[in-house]
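For reference, the structure is listed below as structure tokens.
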Amino acid sequence: MRYAGLGALSAAVLLLEIALTRIYSVTQGYHFAFLAVSLGLLGFGASGTVLFVVPGLWRRAGHRLLGTAALLFTLTALGSYWAVNRIPFDAYLLVLQPSMLLHLVLFYLAPVVPFFFAGLALGGALTLEPGKAAGLYGANLVGAGVGAVLALAGPAARGPAGALAVVAVLGLVSWITLTPASSVGRLALRAGTAVALVALAWLLLPSVELRLSPYKALPQVLRQEGSELAWTGWNAISRVDVVKADGLHQAPGLSFTYAQALPPQSALTVDGDNLSTLTATSPEGALFTAHLPSAVAYQILKQPRVLVVEPGGGLDVLTALHHGAESVVAVIANPLEAELLKNRFSAAAGGVFIDPDVELVVGNPRAYLARDSGSFDLVVVSLRDAFRPITAGAYSLGENYVYTREAFEQYLRHLAPGGVLMVTRWVQVPPSEGLRVAATVVEALKGVGVRDPRDSIAAVRTLQTLTLLAKIEPFTPSELDGVRRFARSQQMDISYLPDADPEELNRYFVLPEEVYFTGLRRLLDPRERKDFYRDQTFDVSPTSDNRPFFFHFFRWRQVPAVLDRLGKDWRPFGGAGFLVVMAFLAVSIVASTAIILAPLLVRARRKRERLDGDGDTEGDWRVLVYFFALGLAFLWLELPLMQRFILLLDHPTYSFGVVLFSLLVFSGVGSLLSPRLGRFRKWAIPALGVLALVYAVGTSSVVQAVLGLPLVARIPVAVAIIAPLAMLMGVPFPSGILALQRRRPALVPWAWGANGYASVVGSVVGALIALTWGFSWVMLAAGSVYLVAWAVFYRSLAAATLEPAEQI
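41 is the number of the first residue of the sequence shown in my numbering; add one for each residue after it.
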């Protein structure tokens, strides 16, 4: 029963962690979703501190406290959900209102409490019976893996309220099974109490409204007069809202020559952001689309076969149909979004998604292209993302596999002879998005065999947008004339043509310097390209599948200027950009150091002789290094696998669930098997070091090879890829605990705390490594850290684990 109770608790913990990522992503933004990963680890580490500093509590209360900790986890999980939606935290005011720092700390630490109590139960079981570390650790991991699967199906997939209700059920099951039953009556009382608490949670949770940041698109559009929330729904990967808004008039880049009113529009948002419009007009009546920058492609292509990547509310589909496209394939990754556009709100979108000439494909655009051998005359990468001031920096951590070099190579390879790739991005000051897309397209053209891309690029600029056109073949003179005529008739600026005359540039939306033309010329010149990247204010170098952070433009040399402007700037986060994201992450490091490491170090120094009587200072630090290294390395394999497999599994939430399930369940299996490995146990760590190198280099190739399979086939492939690595990852921790139990048992809770602390720090440092150098380097760093752990293990701990296996 104890293993079942710990497994149920671990499932609840993992499900709570995933629910927090969804809550933070919707209410604040993706950067907070990333921080949720470290909350559980911080709570677990803090529990190690208590277990180590107050060992007498566990000796006296024993197993009774396991159930109490599970009950407190359940209650505080529900309380933390309420708290994060009541704390008046506004991230955009951090640099203007010092009091907001207190709200940040409360907002961040409130969810740590339930993880702390869960850590007390799980770490307490390990402390009480370290000789059964393999079984206890294995039950923990397998249970957590089950929690990852629950997040993708059933009530937990229907939004945070459903997920928290399942967390409550699992937590209470854990409470009942972990508390010793002294009588049938008491057991019945606990069961009745649990049922009552679950019923209460089920009734109250839906009434807790998520408190969205007022700067997200959904609250902003709802503030407009005549706006009304028409529909809200959840699936496992997102929250989708549709707003009827009388005052909504959105058509990015629309020419000023268009003087009529836009048709009625509704707003669609995903996770409260990335607003796109549904336009209620037929293709024949969509006259305004002829005045959009994307209409330029139809001046050089007649009745094209069109592929639209992530069309949002369907504006690019409407444009294609208005211009007489022969056929349109629209690929949408989010199934809930697709269902709304094709059914419930099809009329609000002009009926374009039920048009007989339109095929709506639900799934990852990259996966669709990998399995489809067809070709298109025009591939449109829609402007699906909302305008985000570049200095905000909050979206640096967001992966996007639509804008990588490998993605653009796929688009180009699916062009028919004479076909055009068209992508539109927001104009930013200083230039960023447009130049990064251009740089990535240039690299993609080289990747598909275009030796000199200078004649294969064209660009048109409006006040808001930059539209880039690319071909594998050079643009013909008649095609270039078509671009010129369109730009002149719509009063849009030419930002690049192979034969552009300086007098053609910068005529309507005048910049002090036509930086896009200058930038594109330097990008297209191999001798200038490297210097061009170095000279830019922001990092506009191409993104890749190994480093898919399209919105990460930050450079450390910007720091003095950013700090000088703090408190003087109107922009989001006071212009502090990525540094504010770093401040969020710094809170976790400071809290971890204060809560976890400092008490452990103080007590270890003062009472070392009372622990084991040998005064082995060097041995204590080896224990710290070993378990710290294990926590660091485990996370540095876990995080890049979750991020890299987003491409394979279509969405971050799917990747989070499947990768965590695979890692945790098979790590649990490895832990359960570890006592039977005998002398081979000590070789698990160096094997992990080698496998980390193999996975760092090889996983991308495997992902590309199977990307064309249906999602139901890709999921077992992902599990099979991860399983061998995960089984080995489950061996080192119980092996180390077994060694401590036989030589220095009082250090077991210290090991638990150090392992948790390492994971908190590792989540921060791993993200920085990925942003700077890519996922492969994070995995290589994990392999190196495993080898450090092996050096410590082999010298100090290995001998203690070579005795006969303990009973599980």
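Built from N, CA and C at the ideal position, the CB exists for glycine as well.
As the structure is a computational prediction, the values presented were derived from the model and not from experiment.
- By the C-beta density criterion, Ser65 is buried, having at least 16 other C-beta atoms within 10 angstroms.
- In this structure, the alpha-carbon of Tyr338 lies about 41 Å from that of Gln598.
- Around Glu377, the same chain offers Ser278, Val280, Leu308 and Val310 as residues with beta carbons nearer than 8 Å, after the five sequence neighbours per side are excluded.
- DSSP, reduced to helix, strand and coil, places Thr507 within a strand of the structure shown.
- Segment contact: the stretch 288-308 against the stretch 704-718, fewer than three CB-CB distances shorter than 8 Å; contact not assigned.
- Annotation: Gln744 is outside any beta strand (DSSP E); the continuous alpha helix (DSSP H) that includes it extends over Ala724 to Val746.
- For a cut-off of 8 Å, the C-beta gap from Leu166 to Trp792 is around 6 Å, short enough to register as a contact.
- Around Ser295, the same chain offers His331, Gln530, Gln531 and Met532 as residues with beta carbons nearer than 7 Å, after the five sequence neighbours per side are excluded.
- In the structure shown, Tyr441 adopts coil according to DSSP, grouped into three states.
- Per DSSP, Thr464 is one residue of the beta strand (DSSP E) stretching across Leu455 to Trp466.
- Judged by DSSP in its simplified three-state form, Ala426 adopts coil rather than helix or strand.
- Of the other Cβ atoms in all chains shown, 16 or more fall within 10 Å of the Cβ of Arg784; this residue is therefore buried.
- Spatial neighbours of Pro344 in its own chain (CB-CB distance under 7 Å, excluding positions within 5 residues in sequence) are listed in chain order as Ala365, Glu366, Asp417 and Leu418.
- Less than 8 Å divides the Cβ of Ala786 from the Cβ of Pro95.
- Leu212 sits close to Leu237, with the two beta carbons spaced by under 8 Å.
- Annotation for Val209: Val238 place their beta carbon closer than 7 Å to its own, counting only its chain and skipping 5 residues before and after.
- About 5 Å separates the Cβ atoms of Leu747 and Ala407, confirming a contact at the 8 Å cut-off.
- Residue state for Lys256 is assigned as coil, using DSSP reduced to three classes.
- Secondary structure of Arg126 (DSSP, three-state): coil.
- Within its own chain, the residues whose Cβ lies closer than 6 Å to the Cβ of Ala184, once the five positions on either side in sequence are excluded, are Ser50, Leu54 and Leu704, listed in chain order.
- The closest CA to that of Leu112, considering only Ala52, Arg62, Leu672 and Met140, is found on Ala52.
- Residue Ala123 holds the alpha-carbon nearest to the alpha-carbon of Leu250 among Ala257, Val369, Ala123 and Gln300.
- Taken in chain order, the whole alpha helix (DSSP H) runs of length 4 or more contained in the stretch 380-423 are 405-411.
- Residue state for Thr309 is assigned as strand, using DSSP reduced to three classes.
- Rounded to whole angstroms, the gap between the alpha carbons of Gly273 and Gly353 is 16 Å.
- When only Cα atoms are considered, Val460 and Val832 end up about 58 Å apart.
- Under the three-state reduction of DSSP, Asn795 is assigned to helix.
- Apart from sequence neighbours up to five positions away, the residues of its chain that approach Arg104 with a beta-carbon distance below 8 Å are Thr219 and Pro220, ordered along the chain.
- Counting the other CB atoms within 10 Å of its CB gives Trp596 a total below 16, which places it among the exposed residues.
- By the neighbour-count criterion, in which a residue is buried when 16 or more other Cβ atoms sit within 10 angstroms of its Cβ, Pro566 is exposed.
- The count of Cβ pairs closer than 8 Å, one atom from the stretch 717-730 and one from the stretch 809-819, stays below three, leaving the stretches out of contact.
- The Cβ atoms of Ala673 and Val825 lie closer than 8 Å to each other.
- If you draw a straight line from the Cα of Pro470 to the Cα of Thr444, it comes to about 21 Å.
- Of the other Cβ atoms in all chains shown, 16 or more fall within 10 Å of the Cβ of Ala631; this residue is therefore buried.
- Three or more Cβ pairs drawn from the stretch 736-751 and the stretch 678-694 lie within less than 8 Å of each other, which places the two stretches in contact.
- Between the stretch 659-670 and the stretch 711-721 there are fewer than three inter-stretch CB-CB distances shorter than 8 Å, so the stretches are not counted as touching.
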